[in-house]
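**Q**
2 protein chains.
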Amino acid sequence: MTVSRVVNNSRLVSASTRERVERAMESVGYIPNSIARSLVQKRTGVLALLVSDITHTWFTQLGHEVEGAAAAAGYLLVFGNTDENELTEREYAEKLSSLHVDGVLLAPASRESRETIELLQRRGIPVVLIDREVEGVELDIARGESYTPAIELTDHLIAHGHTRLGIVAGPDHVWTAQERVRGFKAALRRRGLPVPRRFVRHAQLTRSGGAEEARKLLASEDPPSAILAGNSYLAAGIVDVARERGLRIPEDLALVTFDDSEGPSEWAFYSCYEQPARAIGAAALRFLLDRLAGDRSGARRAVLRGDVRLRSSCGCLGAAPPQDHRQ
Amino acid sequence: MTVSRVVNNSRLVSASTRERVERAMESVGYIPNSIARSLVQKRTGVLALLVSDITHTWFTQLGHEVEGAAAAAGYLLVFGNTDENELTEREYAEKLSSLHVDGVLLAPASRESRETIELLQRRGIPVVLIDREVEGVELDIARGESYTPAIELTDHLIAHGHTRLGIVAGPDHVWTAQERVRGFKAALRRRGLPVPRRFVRHAQLTRSGGAEEARKLLASEDPPSAILAGNSYLAAGIVDVARERGLRIPEDLALVTFDDSEGPSEWAFYSCYEQPARAIGAAALRFLLDRLAGDRSGARRAVLRGDVRLRSSCGCLGAAPPQDHRQ
DNA sequence: AAGCCTAATGGTTGCGCTAACAGCAACAGG
DNA sequence: CCTGTTGCTGTTAGCGCAACCATTAGGCTT
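First to last, the protein sequences are chains A and B.
In the working numbering, each residue's number is its place in the first sequence (first place is 1) plus 127.
In the working numbering, each residue's number is its place in the second sequence (first place is 1) plus 127.
Encoded structure:
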């Protein structure tokens with residue numbers, strides 16, 4: 128039909144016909160069927176963002192940014208939540224590829240995400256990684272840093288005079304957690320400080336996960352006097368436990384963490400390395416849009432630098448324990 | 128083809144053929160095209176959740192719950208973010224209806240959302256409202272309470288001895304904000320207390336929005352000694368301003384709020400009325416699934432009761448100002 | 001005036017799938 | 001033997017759209 132030409136406003140339609148068609152569409156209440164269109168055009172105008180935890184502020188900030196930019200480029204963004212689980216992730220990938228989304232931004236759950244990625248690539252769906260590397264995968268990626276800042280933060284704790292340091296990082300299968308642990312250990316070794324295995328803890332990336340591991344950490348005979356937390360949720364859990372045990376922060380327990388970014392105001396108490404969520408999202412989307420525009424060049428990498436913010440929880444802004452935040 | 132029958136596992140296929148087909152699918156890497164299927168079946172297996180702010184913990188908790196339940200029912204959930212804006216909302220609705228999502232859960236941005244809803248209904252897409260009523264729309268809805276709890280919270284402040292009370296609510300076009308203001312005023316009137324117009328403030332539902340209005344509230348000659356905040360983000364903004372002005376909470380300024388639900392630990396300091404986000408999400412999805420199963424009965428309403436949690440910010444747990452949460 | 005271009009429009013086809021039906025074998029009952 | 005029944009498999013059509021080709025009208029060139 129000529130209707131199609133009107134809808135897609137091809138220029139090969141006379142003004143009079145166009146108007147006639149438009150009036151007709153109006154009166155019938157015609158709405159083009161994107162599904163049929165997608166079937167023939169092989170593009171849907173939908174992008175997907177798969178994150179590991181949609182309740183995590185950091186990811187939603189990033190998502191918010193990506194969504195705005197995607198809308199500006201004429202794409203609809205859908206969010207998916209993998210729950211830090213490769214199986215859920217794979218299922219999402221299958222659904223999304225069967226729905227023929229045009230591209231996927233993925234914060235990979237673990238090493239196993241490689242299969243998810245390969246699945247998507249086999250279907251010709253461009254993938255851009257967010258936040259986390261996957262071993263053996265050469266792909267566009269936008270992320271922050273983990274190794275170097277972990278060293279910086281650890282060094283900072285050491286500069287405060289601590290010699291018994293612990294870390295509560297995310298699950299072992301999460302790339303950023305591995306990197307942060309690696310940086311932590313490197314910093315300690317460089318200073319000739321011990322790295323007791325029991326001071327290196329992996330937790331679920333939630334407040335209760337952080338609390339659980341903090342409890343193990345602080346239960347020992349000779350507990351650490353300073354902790355590097357893998358992110359602000361873990362830090363909040365650690366603070367919970369400190370409160371439980373009557374430990375003042377930073378006097379009895381110093382704390383530094385990661386990932387704060389426009390978070391709740393409580394986090395304003397944590398000394399942290401702030402990952403630029405929005406900038407990472409924007410960079411990732413740009414990579415994806417370039418791919419969709421036909422860019423076939425090699426894998427690109429955007430490693431965005433964040434800022435260290437020294438506040439109360441390490442002792443830089445004086446002793447200011449949050450134990451008044453009782454339930 | 129018989130292939131279709133295998134994929135949809137109809138029972139009219141012999142075991143041998145099924146296996147043969149499956150082996151073939153495996154070897155070719157065949158994946159069914161959901162788009163084509165959707166085109167003929169007129170269902171996509173996709174549900175949408177439109178919220179006004181995806182960075183708001185309350186909505187993501189709700190979303191997380193809905194997503195899990197939707198997945199269990201075989202549906203994929205996509206999230207959309209309307210930014211508290213009817214236009215964005217309408218655009219989403221058009222895109223989603225043109226993508227033929229099977230149903231929509233909507234937290235309506237304002238009264239104008241009525242048009243969004245009518246648009247979707249005209250296309251035969253079932254809609255269930257979340258959290259907020261829309262005047263003149265009779266539709267399934269799952270929400271918490273606002274009017275009654277606002278009275279309770281206000282009464283509680285009065286019981287603490289306050290006579291000059293203010294409210295920082297969400298934007299005037301948001302239903303819950305209207306209700307909370309209505310309850311606030313009703314409680315004051317019932318006790319014979321004045322309701323100065325300048326003590327009733329509407330703010331953007333963000334921390335900075337809350338701070339802005341709190342500044343106006345506290346700048347007056349005879350400022351309120353107690354504030355009811357419309358949600359925890361607004362409360363955080365109010366706390367920021369109190370800190371700015373050296374006001375102790377609750378001694379110099381008492382604070383009660385809404386919406387806390389598994390939020391950041393800072394919120395554990397706020398006395399609040401806790402809306403059951405997850406339960407609301409679950410109820411809404413159940414309504415939607417019932418509609419999809421063919422339920423044609425009248426509009427249903429689930430009004431879920433939450434709990435008042437009395438903590439430090441109103442003075443119930445002793446004076447415990449959070450001013451140590453400095454930047 | 002013949003030939004040829006261009007702009008505007010309509011017709012046909014096929015994207016990949018499934019609903020509906022048609023076909024066919026095997027077998028039971030009359 | 002025929003008819004009916006069951007159990008499986010193949011065929012046809014059509015979902016709504018756009019790519020492609022065909023057609024027409026009108027204007028331009030030579």
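In this text, a Cβ means the ideal position worked out from N, Cα and C, and glycines have one as well.
(1) Apply the 10 Å Cβ neighbour rule to Arg418/B and answer buried if 16 or more other Cβ atoms are within range, or exposed otherwise.
(2) Do Ser424/B and Thr384/B have their C-beta atoms closer together than 9 Å?
(3) Is the beta carbon of Ile257/B less than 9 Å from the beta carbon of Ala411/B?
(4) Select from the region 270 to 294 of chain B all residues with a C-beta closer than 9 Å to any C-beta belonging to chain A, and list them in chain order.
(5) Compare the C-beta of Arg250/B with all C-beta atoms of chain A and state if any pair is closer than 9 Å.
(6) State the Cα-Cα distance for the pair Leu320/B and Arg370/B, rounded to the nearest angstrom.
(7) Among the candidates Ala142/B, Asn135/B, Arg342/B and Val205/B, whose CA atom is the shortest distance from the CA of Leu380/B?
(8) Go ahead and label Ile432/B buried or exposed: buried means 16 or more other beta carbons lie within 10 angstroms of its beta carbon, across all protein chains shown.
(9) For Gln450/A, name the three-state secondary structure that DSSP assigns.
(10) Using a threshold of 9 Å, state whether the C-beta atoms of Leu280/B and Val178/B are closer than that.
(11) Taking Ala406/A as the reference, which of Val264/A, Arg270/A and Ser131/A has the closest Cα?
(12) Label Asn136/A either buried or exposed according to how many other C-beta atoms from any shown protein chain fall within 10 Å of its C-beta, with 16 as the threshold for buried.
(13) Measure the alpha-carbon distance for Pro350/B versus Arg334/A and round it to whole angstroms.
(14) So Gly310/B packs on Ser359/B, CB below 8 Å; how close in whole Å?
(15) From Pro253/A to Cys443/A, what distance separates their C-alpha atoms?
(16) Suppose only complete runs of 3+ residues qualify. What are the beta strand (DSSP E) ranges in the region 228 to 291 of chain A, listed by chain order?
(17) Looking only at its own chain, which residues have a Cβ that is under 7 Å from the Cβ of Ala409/B, when we skip the five neighbours before and after it?
(18) Please confirm whether any heavy atom of the ligand HEM lies closer than 8 Å to the CB of Gly357/A.
(19) Look at the Cβ atom of Ile376/A, then the Cβ atom of Val295/A, and state whether they are nearer than 9 Å.
(20) Provide the residue(s) that pair with Ile354/A in DSSP beta bridges, ordered along the chain.
(21) According to the neighbour-count rule (16 or more other Cβ atoms, all chains shown, within 10 Å of its Cβ), is Asp180/A buried or exposed?
(22) Given Phe326/B, which residues of its chain have a CB within under 8 Å of its CB, disregarding the five upstream and five downstream residues?
(23) Grab the span of the alpha helix (DSSP H) containing Arg413/A for me, first residue to last.
(24) Can you check DSSP and say which residues form a bridge with Val173/B?
(25) Give me the Cα-Cα distance between Asp367/B and Ala346/B, rounded to the nearest whole angstrom.
(26) In or out: Val155/A buried (at least 16 other Cβ within 10 Å) or exposed?
(27) Would you call Tyr400/A buried or exposed, if buried means 16 or more other Cβ atoms sit within 10 Å of its Cβ?
(28) Give me the DSSP bridge partner(s) of Val327/A.
(29) Is Pro159/B close to chain A, meaning its C-beta is less than 9 Å from at least one C-beta of that chain?
(30) Which residues does DSSP list as the beta-bridge partners of Tyr400/B?
(31) Please confirm if Ala198/B has its CB atom under 9 Å from at least one CB of chain A.
(32) Any C-beta of chain B within less than 9 Å: which residues of the region 187 to 212 of chain A qualify?
(33) Would you say Ala163/A reaches chain B, if we count a Cβ-Cβ gap shorter than 9 Å as a contact?
(34) Is there a Cβ of chain A sitting closer than 9 Å to that of Ser541/B, yes or no?
(35) Write down the C-beta distance between Ala175/A and Val231/A rounded to the nearest angstrom, noting that I regard them as a contact closer than 8 Å.
(36) Tell me whether the region 165 to 174 of chain B and the region 203 to 210 of chain B touch, counting them as touching only if at least three CB pairs, one residue from each stretch, are closer than 8 Å.
**A** In terms of the structure at hand:
(1) buried
(2) no
(3) yes
(4) none
(5) yes
(6) 27 Å
(7) Arg342/B
(8) For clarity, residue 432/B is Arg in the given sequence; the question names Ile instead. So Arg432/B ends up on the exposed side.
(9) Because the pLDDT of Gln450/A is 37, which lies under 50, any placement of that residue in the model is unreliable, and the number read from its coordinates should be weighed accordingly. Coil.
(10) no
(11) Arg270/A
(12) exposed
(13) 37 Å
(14) The Cβ separation is near 18 Å, so there is no contact.
(15) 45 Å
(16) 230 to 233, 254 to 257 and 268 to 271
(17) Glu192 and Ala196
(18) No copy of the ligand HEM appears in this structure; indeed no ligand is present at all.
(19) no
(20) Gly293/A and Leu382/A
(21) buried
(22) Arg291, Leu292, Gly293, Ile294, Leu344 and Pro351
(23) Ala404 to Leu419
(24) Leu203/B
(25) 14 Å
(26) exposed
(27) buried
(28) Ile294/A
(29) yes
(30) Phe385/B and Val435/B
(31) yes
(32) Thr187, Gln188, Gly190, His191, Glu194, Gly195, Ala198, Leu203, Leu204, Val205, Phe206, Gly207, Asn208 and Asp210
(33) yes
(34) The shown model of chain B, from 128 to 454, leaves out residue 541/B, and the question about it has no answer.
(35) 5 Å
(36) yes
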